[in-house]
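A.B. asks: What follows is a single structure, and I will ask about it in a moment.
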Amino acid sequence: MFLPVFGERERERVRTVFGDVVDLGEPIKAQRKTIMVLSQMDAGKALTAAAAKGSTTEVQRILEECRVHPDTVNEFGRTALQVMMMGNSKIASLLLEKGADPNVQDKHGIAPVHDAARTGFLDTVQVLVECGASVNLPDQTGTLPIHIAIREGHRDVVEFLAPRSDLKHANVSGQTAIDVARTSCVPDMIDLLFAHIHS
1 MFLPVFGERE RERVRTVFGD VVDLGEPIKA QRKTIMVLSQ MDAGKALTAA
51 AAKGSTTEVQ RILEECRVHP DTVNEFGRTA LQVMMMGNSK IASLLLEKGA
101 DPNVQDKHGI APVHDAARTG FLDTVQVLVE CGASVNLPDQ TGTLPIHIAI
151 REGHRDVVEF LAPRSDLKHA NVSGQTAIDV ARTSCVPDMI DLLFAHIHS
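The sequence shown begins at 1 in the UniProt record's numbering and counts up by one.
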C-alpha cells in the first residue's frame, strides 16, 4: 500500500491506522514524498517470498526501501534466512549484514546452518559460520549440522564443519558424527572424522 505523506499530521494518521509497527524513518521534508507502508505480516511475507525465490535484488529493495527488519517472520513464523534459497550465498550475506540472526531456529530447532548442510551448499555454510552461526547448535533431536552433512553425503561441507564441530556430541539416539557416518555407509567420511578427532 502506498500512502502520500506530507507532514506530522499525515504521519500521525499513518500511525493511527497501522500502529507502532510502521517505521516512518527520518522526518520528511515539506515536499510531497511517497513511502511504502507494510504491516509486519505483509513485510515478512514479501521478504521471505523474495528470499525463497533467490531474488537478491528484491530482497535488497524490501530491506532498504520498506525498512523491513531481516528477522521479520512470514505467516508460518519463519524468517527470510530460514526459507532463503540455500544456494544463494549472496542473499545470506545481505540478510546477515542487515542484522539477521544466524542462529534463529524454527519450532523443530532447525537453524539455517542445518538447512545449508542438508542441501550441501558449502558457500552458504561458510557465510553463515563467518557471520556467527553456531555449528554446535543442536536441533530438537540433538542433531548437529555435521550429522546432516554426513548423512547427505556432502564431503566438502563435512570437511569444513569437522574442525569446528563437537565430533563427540551425540544426538538423542546416542549417535556421534562417527556413528552417523557408519550407519550412512560412508567409509571415506569415517576416516576424515577420525583424522580430526585425533588431531
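Glycine residues also receive a C-beta, built at the ideal position from the N, C-alpha and C atoms. If you're wondering where the values come from, they're calculated on a predicted model, not measured in any experiment.
Using CA atoms only, rank isn't needed, just tell me which of K168, I150, V73 is closest to F160.
C.D. replies: Taking the first residue of the sequence shown as position 1, residue 160 is located at position 160. Checked all of K168, I150, V73; the closest Cα to F160 is I150.
A.B. asks: Would you decide whether I148 is buried or exposed? Buried here means 16 or more other CB atoms lie within 10 Å of its CB.
C.D. replies: On the sequence shown, residue 148 is found 148 positions in, with the first residue counted as 1. With 16 or more other Cβ atoms within 10 Å, it is buried.
A.B. asks: Taking the C-alpha atoms as reference points, what is the distance between V83 and A162?
C.D. replies: Mapped onto the sequence shown, residue 83 falls at position 83. Mapped onto the sequence shown, residue 162 falls at position 162. Their backbone Cα atoms lie some 25 Å apart in a straight line.
A.B. asks: Compare the beta carbon distance of A111 and L137 with 8 Å and say whether it is the shorter of the two.
C.D. replies: One-based indexing of the sequence shown puts residue 111 at position 111. One-based indexing of the sequence shown puts residue 137 at position 137. It is a contact, given that the beta carbons lie within the stated cut-off.
A.B. asks: Using the Cα positions of C185 and Q140, report the straight-line distance between them to the nearest angstrom.
C.D. replies: Here residue 185 refers to the residue found at position 185 of the sequence shown. Here residue 140 refers to the residue found at position 140 of the sequence shown. Cα to Cα, the separation comes out at about 24 Å.
A.B. asks: Rounded to the nearest angstrom, how far is the Cβ of R164 from that of V135, given a contact under 8 Å?
C.D. replies: Locating residue 164 in the sequence shown gives position 164, where the first residue counts as 1. Locating residue 135 in the sequence shown gives position 135, where the first residue counts as 1. The Cβ separation is near 5 Å, so the contact holds.
A.B. asks: Would you say M189 lies against chain C (beta-carbon separation less than 8 Å)?
C.D. replies: The question asks about chain C, but that chain is absent: this structure has only one protein chain.
A.B. asks: Are the Cβ atoms of M86 and D115 separated by less than 8 Å?
C.D. replies: Along the sequence shown, read from residue 1 onward, the residue named residue 86 stands at position 86. Along the sequence shown, read from residue 1 onward, the residue named residue 115 stands at position 115. Result yes, Cβ atoms of M86 and D115 sit closer than 8 Å.
A.B. asks: Whole alpha helix (DSSP H) runs in the UniProt repeat "ANK" (141-161) with 4 or more residues, listed along the chain?
C.D. replies: List check, alpha helix (DSSP H) in window: 145-152, 155-161.
A.B. asks: From this set, R61, D179, I62, D156, which residue's C-alpha is nearest L167's C-alpha?
C.D. replies: In the sequence shown, the residue the question calls residue 167 occupies position 167. Here the closest residue by C-alpha is D179.
A.B. asks: Along the chain, where does the alpha helix (DSSP H) containing V135 start, and where does it finish?
C.D. replies: If you number the sequence shown from 1, residue 135 lands on position 135. Looking at the DSSP string, V135 is not in any alpha helix (DSSP H), and its letter there is neither H nor E.
A.B. asks: Where S55 and R61 are concerned, what is the direct C-alpha to C-alpha distance, given to the nearest angstrom?
C.D. replies: In the sequence shown, the residue the question calls residue 55 occupies position 55. In the sequence shown, the residue the question calls residue 61 occupies position 61. Going from the Cα of S55 to the Cα of R61 covers about 10 Å.
A.B. asks: Tell me, to the nearest whole angstrom, how far the beta carbon of P145 is from that of V113; I am working on the premise that it is less than 8 Å.
C.D. replies: Counting from 1 along the sequence shown, the entry for residue 145 is found at position 145. Counting from 1 along the sequence shown, the entry for residue 113 is found at position 113. Indeed, because the Cβ distance is near 5 Å, the residues count as touching under 8 Å.
A.B. asks: Indicate the three-state DSSP secondary structure (helix, strand or coil) for I190 in the structure shown.
C.D. replies: Here residue 190 corresponds to residue number 190 of the sequence shown, with the count starting at 1. I190: helix per DSSP, three-state reduction.
A.B. asks: Short of 8 Å in beta carbon distance, which residues of its chain neighbour Q175, apart from the five on each side in sequence? Order them along the chain.
C.D. replies: Position 175 of the sequence shown holds residue 175. The answer, listed in chain order, is H147, T183.
A.B. asks: Contact defined as beta carbons within less than 8 Å: I believe G120 pairs with N74. What is the distance between those atoms, to the nearest angstrom?
C.D. replies: Stepping through the sequence shown from its first residue, residue 120 is reached at position 120. Stepping through the sequence shown from its first residue, residue 74 is reached at position 74. Their Cβ separation, rounded to whole angstroms, is 25 Å, which puts G120 and N74 out of contact at 8 Å.
A.B. asks: Where does V172 land, buried or exposed, given buried means 16+ other C-beta within 10 angstroms?
C.D. replies: To locate residue 172, count along the sequence shown from 1; it is residue 172. Burial call: exposed.
A.B. asks: Find out if the Cβ-Cβ distance for the pair D101, R78 is shorter than 8 Å.
C.D. replies: On the sequence shown, residue 101 is found 101 positions in, with the first residue counted as 1. On the sequence shown, residue 78 is found 78 positions in, with the first residue counted as 1. Result no, Cβ atoms of D101 and R78 do not sit closer than 8 Å.
A.B. asks: Determine the extent of the alpha helix (DSSP H) in which A117 is found, giving its start and end residues.
C.D. replies: Walking along the sequence shown from the start, residue 117 turns up at place 117. Here the alpha helix (DSSP H) through A117 covers 112-119.
A.B. asks: Determine the extent of the alpha helix (DSSP H) in which Q175 is found, giving its start and end residues.
C.D. replies: Within the sequence shown, numbered from 1, the residue matching residue 175 stands at position 175. Unbroken run through Q175: none, as it is neither H nor E.
A.B. asks: Could you check what DSSP says for T56 in three-state terms: helix, strand or coil?
C.D. replies: For the purposes of this step, residue 56 is taken as residue 56 along the sequence shown, with counting starting at 1. Helix at T56.
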